[in-house]
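Colleague: For our numbering, add 14 to where a residue sits in the sequence shown, where the first one is 1. The beta-carbon is built from N, C-alpha and C at its ideal position, and this holds for glycine as well.
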Amino acid sequence: MTCKKGTSAINAKTVLFIVGPTAAGKSALAVALAKKLGGEILSADSMLIYKEMDIGTAKPTKKERGGIPHHGLDLIPPTKSFSVFAYRQFALKAIKDIVKRGKVPIVAGGTGFYIRALLEGLSPLPGANARIRRELEREAKAKGLPALYKRLLKLDPPRARAIGSHNQRRIIRALEIYLMSGKKASEPVQKTPSLLEIGYRPVVIGIHRERDALYRKINERVDAMFRKGLVREVKKLVRKKLSKTALQGVGYKEVLAWITSSSTLSTPGVAPCPHPVWTGSPEQRLREVKGRIKQTTRHFAKRQWTWFKRERGIRWVWWPENAPLTDVRDSVLRMMKNDL
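1) Roughly how many angstroms lie between the CA atoms of Thr281 and Ser179, to the nearest whole one?
2) Would you report the Cα separation of Trp332 and Gln309, rounded to the nearest angstrom?
3) For the segment 252 to 269 against the segment 61 to 70, are there 3 or more C-beta pairs whose distance is under 8 angstroms?
4) Using a threshold of 7 angstroms, state whether the C-beta atoms of Phe322 and Val33 are closer than that.
5) Give a yes or no on whether the C-beta atoms belonging to Met194 and Asn233 are separated by under 7 angstroms.
6) Please report the Cβ distance between Pro119 and Ile112, rounded to the nearest whole angstrom; I am assuming they are in contact, meaning their Cβ atoms lie under 8 angstroms.
7) Under the assumption that Leu382 contacts Leu136 (Cβ atoms under 8 angstroms), give the Cβ distance between them as a whole number of angstroms.
8) Hey, out of Glu297, Glu268, Trp319 and Val248, whose CA is closest to Pro92's CA?
9) Sorted by chain position, which residues of the same chain lie with C-beta nearer than 6 angstroms to Ala38's C-beta, five sequence neighbours on each side aside?
10) Pick from Gly53, Pro35, Lys198 and Gly213: whose alpha carbon is nearest that of Leu13?
11) Please determine, among Ala156, Leu189 and Gly86, the residue with the shortest C-alpha to C-alpha distance to Pro171.
12) List the endpoints of the continuous alpha helix (DSSP H) containing Leu166.
13) When DSSP labels each residue in this structure, what does Ile328 get in the three-state scheme?
14) Distance cutoff 7 angstroms, beta carbons only. Does Arg306 sit that close to anything in chain B?
15) How about the segment 152 to 167 and the segment 233 to 244: do they share at least three Cβ pairs that are nearer than 8 angstroms?
16) Below 8 angstroms, how does it come out for the segment 82 to 92 and the segment 51 to 68: are there three or more Cβ pairs, yes or no?
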């Protein structure tokens with residue numbers, strides 16, 4: 015397999031990864047590289063898998079996809095949950111199919127667990143996930159430990175019976191394992207092989223941007239989401255029994271809290287809004303919810319940055335604020351050529 019004219023030949027089993035924080039430009043760079051390399055894009059974003067959740071997830075539009083096939087978008091309805099284990103299964107099949115067609119798989123996204131699951135495989139028991147654990151602890155506080163135990167009893171009866179109904183720490187850990195991996199804690203699980211062990215050659219590129227510039231892009235993106243109709247999108251979803259994972263989408267939970275605290279609307283299966291009721295004029299409330307989403311997204315980007323800085327084997331590319339996309343694309347292509 016060769017790249018398009020003007021680029022060097024690459025290994026037929028190369029899998030290119032584009033990682034980094036939200037709003038860093040991963041999707042646009044992946045499309046630009048796909049056009050040069052003859053590639054197809056595989057999303058590694060845990061929110062883009064959901065149908066009907068387009069604006070708040072910044073899902074690439076048809077125009078933004080630039081005619082490049084994208085995989086991993088709109089896989090399931092927002093009423094369903096999705097695990098890292100399920101993603102890995104889907105992604106490996108997609109990579110195999112892309113390579114079989116003589117194309118270059120380009121994995122682009124910022125969900126660290128998805129990237130790690132592909133690159134390194136899944137351990138027999140996944141490590142702690144602070145976000146999932148916090149949600150389970152909040153659920154235990156809001157609904158009571160018996161509700162959590164009943165949930166575990168339904169998902170993994172042997173483990174639930176072994177733990178008992180009063181050990182909150184172990185109940186939460188068993189649920190955490192299931193939500194992260196799709197596997198029951200009571201079942202023996204062998205480590206899955208890494209991408210390299212399967213026979214592929216991963217090349218991982220991280221996008222490094224100046225923090226203030228990234229934060230400005232985040233703020234601009236949030237403003238654009240509201241102009242495009244984020245509130246309407248959430249109102250369409252509000253009557254559905256959204257899954258635990260779908261409810262974690264930044265922007266959705268804030269707008270949902272704003273809507274439910276400002277009206278009689280409620281979401282089936284969702285605990286009461288943890289935020290105080292918005293006050294002031296509609297314009298003031300709108301500014302406040304926008305500000306919260308911007309702040310939460312900035313914090314999320316910081317956590318992503320911290321995650322990827324700890325990961326091994328990432329080659330970092332500096333993207334200055336005013337540098338054109340083509341310059342960054344060419345830097346990546348030169349980096350790939352030097353690695354051959």
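Modeller: So, to answer that:
1) Annotation note: pLDDT 43 at Thr281 (below 50); position unreliable, coordinate value reported separately. Cα to Cα, Thr281 sits roughly 28 angstroms from Ser179.
2) 24 angstroms
3) yes
4) yes
5) no
6) 4 angstroms
7) Given a span of 15 to 354 for the chain in the structure shown, any question on residue 382 remains unanswerable.
8) Val248
9) Ile221 and Arg223
10) Only positions 15 to 354 of the chain appear in this structure, which leaves residue 13 out of reach.
11) Leu189
12) Leu159 to Leu169
13) strand
14) Considering every chain present, this structure includes no chain B. It has just one protein chain.
15) no
16) yes
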